[in-house]
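Asks: Numbering (the numbering used here), first residue to last: 54 to 279. Before we start, here is the structure in question, set down as structure tokens.
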């Protein structure tokens, strides 16, 4: 059963995104989810559906090219632990800005619990559906700008630069549009500005600036009427 994207309450007009990995690959700018789905079907990847606002999360369709974007399930804790173990220390550092040996417990509990309004997450699964190869999520942050959210992406080293990050990003951005989000602010560590370029290929860059934490770019989500 496809996830329903319509009817979700608006999280905010602005999402603050800290991009913390080097695996979001470049791709053409898209303002229409149908165009993205068509492109994915053309190269054998089924169109990803959107995570529901409740506890029920549906799986995606048949896999034709080795992996597919799917919803995160409550029973995926062990699969996520395996994903983390398959990531190098450098990949983990880029994701969490520090050296960790396991998922932070509060983060793991949050990403598994949902719902999409507070933690919208998708994963990439192998053809058999018994392995999680990558995870991406938007987390609502209550202690900063009201209704803001933070993006995190983690892709296992062996699957990096194969389109997994891009596919998950497309799904999350489309869902943000449907919730009425108007802008995305992305922060990339020094040496990782290619991540901002990946967003710029999909979204309209409004402004950018250097800060102590790296390069920050503000992007406008297409399809939103000001």
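Backbone N, C-alpha and C fix where the C-beta goes; we use that ideal spot for every residue, glycine too. Owing to the predicted nature of the structure, the values given are computational and were not obtained by experimental measurement.
Going by C-alpha distance, which of 205, 189, 239 and 252 is nearest residue 177?
Replies: Checked all of 205, 189, 239 and 252; the closest Cα to residue 177 is 189.
Asks: Got a sec, what are the start and stop residues for the alpha helix (DSSP H) residue 231 sits in?
Replies: Here the alpha helix (DSSP H) through residue 231 covers 217-231.
Asks: Are the beta-carbon atoms belonging to residue 234 and residue 274 less than 8 Å from one another?
Replies: In contact: residue 234 and residue 274 (Cβ atoms closer than 8 Å).
Asks: From residue 142 to residue 229, what distance separates their C-alpha atoms?
Replies: So the alpha carbons of these two residues sit roughly 30 Å apart.
Asks: Can you tell which of 140, 128, 164 and 216 has the C-alpha that lies nearest to the C-alpha of residue 120?
Replies: Taking only the C-alpha atoms, the option nearest residue 120 is 216.
Asks: To the nearest whole angstrom, what separates the beta carbons of residue 161 and residue 133, a pair I think is in contact under 8 Å?
Replies: Between residue 133 and residue 161 the Cβ distance is about 7 Å, and since that is below 8 Å, they are a contact.
Asks: Does DSSP put residue 183 in a helix, a strand or coil?
Replies: If DSSP states are grouped into helix, strand and coil, residue 183 belongs with coil.
Asks: Consider the C-beta atom of residue 233 and the heavy atoms of the ligand ADP; say whether any pair is separated by less than 7 Å.
Replies: The ligand ADP is absent from the structure shown, which contains no ligand whatsoever.
Asks: So who's on the other strand from residue 204, going by DSSP bridges?
Replies: Answer by DSSP bridge pairing, in chain order: 191.
Asks: Excluding sequence positions up to five away, which residues of its chain have a Cβ less than 6 Å from the Cβ of residue 208?
Replies: Only 76, 187, 217 and 218 meet the Cβ criterion.
Asks: I think residue 271 touches residue 221, with their Cβ atoms under 8 Å apart; what is that distance to the nearest whole Å?
Replies: Going by Cβ atoms, the distance from residue 271 to residue 221 rounds to 21 Å, so no, they are not a contact pair.
Asks: Can you check DSSP and say which residues form a bridge with residue 268?
Replies: 241 and 263, per the DSSP bridge assignment.
Asks: Take residue 252 and list the residues in its own chain whose beta-carbon comes closer than 6 Å to its own, dropping the five residues that flank it on each side.
Replies: Correct list, in chain order: 239 and 272.
Asks: Identify, in the order they occur along the chain, each residue of the same chain with its Cβ nearer than 6 Å to the Cβ of residue 267, setting aside the five sequence neighbours on each side.
Replies: 240, 241, 242 and 243.
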